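Report on one structure; see the data block that follows.
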RNA sequence: GCGCUCGUAGCUCAACGGAUAGAGCAUUUGACUACGGAUCAAAAGGUUGCAGGUUCGAAUCCUGCCGAGCGCACCA
């Protein structure tokens, strides 16, 4: 019995098609869909398609399938309806038995994949010496949620944080450190205001020719491995790393210092990448630069689109780094798949890089490389979000503000101070992350405190609150129901809720397959809504009989576990009380 | 100019080629000494940007327009 109800039904229907029509079809071909018809749980849409190839009446084909369907242990006798739909209704007995068996299943019915892969995923990617800003929020939040989902599905996930720690800005920064005398070993704290330090250096770089020249020479020293320069560079990187860790801790992002593979890491491989591409005759010199011209891309003049792998002056750009990165993860680390959680504007860049990788043979048909693009966070004015002064919004400021907003909500609770602080954090951070995850990632969205902290509708707070109500009831009940407690479906809302709970595996699978956390969000919201309806009309502790009370405690327990597990897969906390 | 993404209720968003396109907010109307009302139930709200096409069936796939955003050689 497959944990995903739709998959199990698909197998049964596929077997029926085989038996009735002697046609080989897969469980996917069975086209099992949750039905919107009243009183129908699932439907199979397979008969209409088969009827065409068979030259038969779709209703007859459907009737044939139904006649051969071996699923009486799961569903009521199926009905053919409309133009050839097969309507499936799960039996109450089967539903109740499933509920009982989920009680001691940590995964709530979601089976691990039967084809686990090693997946290298690139997300977050902040820049050294620059404070993290809202521009890094979506990549961090989405990448983290997708990583958690993939790991839960049973894949080996290797995150790598591709930080910007190399290149021309570092000559400028290091030279500024020297000018300011911030070279002593006890000066680390003095670079804590990273943004300010960067801006000072930038200003000086633009204004003073002499400084600019020194900065350029310093880049050469850095890339040439000059010891003192490298030592200063490392101090910058370390100061930044501390800052990243603070933000990740506050935001609940799982990236650690061990996951950092910055641009500098790939530096030793760049020359060889160009050499190999050259040996494969995939590059030529154009305008003084060494370029690849992958098939099928044209630039604005209608000429082949260049991917510059070595710049005119001999330096390397980000395309080369990305090529080296991909090659490293595939060849050195044995990755099957490469995922990049990077904003949609980079779509063409990745298409070009993937094309070059395939032409070079580094990426083969066995590998799956995908750019997981996402839309921009907009301000109330519908433009890219900025501070009133026009600068980029610091991520820490944004998160602190989120926690402050949430603290105002938590103020009227009677919780002890320490717990209230933790709740404010869970609610505030959860609101920000959920706002980022609950819509299709491709869409831009407008950042709006009121909407993301709303206590009704599809928000993290609503889910967290629903869970707290359940936890409160369970706490009052004294003990959680034991595995094997019989479930009785005495009210339609109990059945609705249970059916929803049993669809959790399908929601997880869809969210994972499409790298679409919002599909899980939608499901959690529907689960919480179904619980609220159940809760409003089905007394749990005050149920008419001990049997019904215990049965409802099972439903409440399972609901709480769906919400808690689901939120955790999104990287969001579910407090006991709030 | 070429390419990519998007256009769904007043607003914010769902909908794996399937039946009568669904939620929330806002609006209107009901329900309660309430296991946490931060709730539930119901009404109203749509020519899915426009026009063709493919299909038994299209918001979804194809083509052309209209509109929005982004990208298209040495910043990453």
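Numbering (my numbering), first residue to last: 441 to 1018.
Backbone N, C-alpha and C fix where the C-beta goes; we use that ideal spot for every residue, glycine too.
Please read all numbers here as calculations on a predicted model, not as lab measurements.
Item                                                                                                                                                                               : Value
Alpha carbon to alpha carbon, how far is residue 885 from residue 527? Give it in angstroms, no decimals.                                                                          : 38 angstroms
Among the residues of its own chain, which have a CB less than 7 angstroms from the CB of residue 417, if the five just before and after it don't count?                           : It is not possible to answer for residue 417, since the shown part of the chain is limited to 441 through 1018.
Would you mind reading off the limits of the alpha helix (DSSP H) that contains residue 747?                                                                                       : Note, residue 747: premise wrong, no alpha helix (DSSP H); beta strand (DSSP E) at 747-750.
To the nearest whole angstrom, what separates the beta carbons of residue 1005 and residue 535, a pair I think is in contact under 8 angstroms?                                    : About 20 angstroms separates the two Cβ atoms, so there is no contact after all.
Is the number of C-beta pairs between the stretch 957-970 and the stretch 991-1003 that are closer than 8 angstroms three or more?                                                 : yes
By alpha-carbon positions, which one of 960, 601, 991 ends up nearest to residue 921?                                                                                              : 991
Based on the DSSP output, what are the partners of residue 533 in its beta bridges?                                                                                                : Answer is none; residue 533 lacks a bridge partner.
Between the stretch 800-818 and the stretch 776-790, do at least 3 Cβ pairs fall closer than 8 angstroms?                                                                          : yes
I'd like to know whether the C-beta atoms of residue 453 and residue 505 end up nearer to each other than 8 angstroms.                                                             : yes
When you compare only the Cα positions, how much space is there between residue 481 and residue 529?                                                                               : 5 angstroms
Do residue 792 and residue 747 count as a contact pair if the criterion is CB distance below 8 angstroms?                                                                          : yes
If you draw a straight line from the C-alpha of residue 669 to the C-alpha of residue 833, how long is it?                                                                         : 31 angstroms
Could you spell out where the alpha helix (DSSP H) holding residue 705 opens and where it closes?                                                                                  : 703-719
Could you give the DSSP three-state label for residue 528: helix, strand or coil?                                                                                                  : strand
Distance, Cα to Cα, residue 963 vs residue 944?                                                                                                                                    : 7 angstroms
Count the other CB atoms, across all protein chains shown, that sit within 10 Å of the CB of residue 682; report buried if there are 16 or more and exposed otherwise.             : exposed
List the endpoints of the continuous alpha helix (DSSP H) containing residue 562.                                                                                                  : No alpha helix (DSSP H) holds residue 562; the beta strand (DSSP E) holding it covers 558-562.
Short check: CB of residue 960 to CB of residue 998, under 8 angstroms?                                                                                                            : no
Tell me where the alpha helix (DSSP H) around residue 837 begins and ends.                                                                                                         : 835-850
Of all the options 869, 849, 826, 824, which has the alpha carbon lying nearest to the alpha carbon of residue 840?                                                                : 869
How close, in whole Å, do the beta carbons of residue 914 and residue 996 come, if the pair is a contact with beta carbons under 8 angstroms?                                      : 6 angstroms
Rounded to a whole number of angstroms, what is the C-alpha to C-alpha distance between residue 621 and residue 851?                                                               : 47 angstroms
Do residue 473 and residue 483 have their C-beta atoms closer together than 8 angstroms?                                                                                           : yes
With a threshold of 7 angstroms on Cβ separation, who are the neighbours of residue 985 within its own chain once the five nearest residues in sequence on each side are excluded? : none
Identify which residue in 607, 600, 548, 898 has its Cα closest to the Cα of residue 777.                                                                                          : 600
Do you know offhand how far residue 817's Cα is from residue 518's?                                                                                                                : 47 angstroms
Write down the C-beta distance between residue 846 and residue 893 rounded to the nearest angstrom, noting that I regard them as a contact closer than 8 angstroms.                : 7 angstroms
Looking only at its chain, what residues have a beta carbon closer than 8 angstroms to the beta carbon of residue 890, apart from the 5 residues adjacent to it on each side?      : none
To the nearest whole angstrom, what separates the beta carbons of residue 501 and residue 509, a pair I think is in contact under 8 angstroms?                                     : Not quite, the Cβ-Cβ distance comes to about 13 angstroms (not below 8 angstroms), so this is no contact.
What alpha helix (DSSP H) runs, 4 residues minimum, are completely inside the stretch 947-984?                                                                                     : 957-977
Excluding the 5 residues flanking residue 730 on each side, which residues of the same chain have their C-beta closer than 7 angstroms to its C-beta?                              : 714, 723, 749, 750
What separation, rounded to the nearest whole angstrom, lies between the Cα atoms of residue 827 and residue 854?                                                                  : 35 angstroms
Considering Cα atoms alone, identify which of 581, 507, 836, 441 is closest to residue 878.                                                                                        : 581
Quick one: what does DSSP say residue 663 is sitting in, helix, strand or coil?                                                                                                    : helix
For residue 451, which residues from the same chain have a beta carbon less than 6 angstroms from its beta carbon, with the 5 sequence-adjacent residues on both sides left out?   : 467
Quick one: using the 10 Å Cβ neighbour count with 16 as the cut-off for buried, is residue 624 buried or exposed?                                                                  : exposed
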